[in-house]
Amino acid sequence: NFEAPLSAAQDIITEDKEFKQADIILISDGSCDVGDDWLKIFNQSRKDQEFHVISVVISAYSESCDKFSDKVVHINDITNDDKALQAMFSI
């Protein structure tokens, strides 16, 4: 379930103005879908609060992350995490 952790992070960002323009890093080893209504609200909040989402997907491919992420990094080998680290620290 991507909606629960992303909504929790969104709530923290929305409630505390110090977190405006924050980054959310979602790390997942699988895929799941998100609802259209949730996606519309989340992406509008992402725009309004100017926060970014970076998704790191390990050993799987997830198109659903593309719907709510500014950047998606796919890692096939978790022993080589240079690609993920580079992506997370590039924003």
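Numbering (the numbering used here), first residue to last: 14 to 104. Note that beta-carbon positions come from the ideal geometry of N, C-alpha and C, so glycine has one too.
Close-in-space but distant-in-sequence residues of the same chain around residue i (CB under 7 Å, 5 per side omitted)
i	result
E63	K33 and Q34
Euclidean distance between Cα positions of residue i and residue j
i	j	result
K29	F81	The sequence shown places Asp at residue 29, not Lys. Cα-Cα distance, rounded: 21 Å.
E76	I67	14 Å
A17	V47	10 Å
D50	Q99	32 Å
D83	H65	6 Å
I37	A22	7 Å
D79	V85	7 Å
Classification of residue i by the beta-carbon crowding that lies within 10 angstroms, buried from 16 upward
i	result
C45	exposed
I88	buried
Beta-carbon contacts of residue i that lie in its chain and below 8 Å, excluding the five residues immediately before and after
i	result
I25	F32
N14	C45
L52	K80 and F81
S20	W51 and F55
Helix, strand or coil at residue i [DSSP, three-state]
i	result
D36	strand
M68	For the record, residue 68 in the displayed sequence is Ser; it is not Met. S68 falls in the strand class under three-state DSSP.
S77	helix
S58	helix
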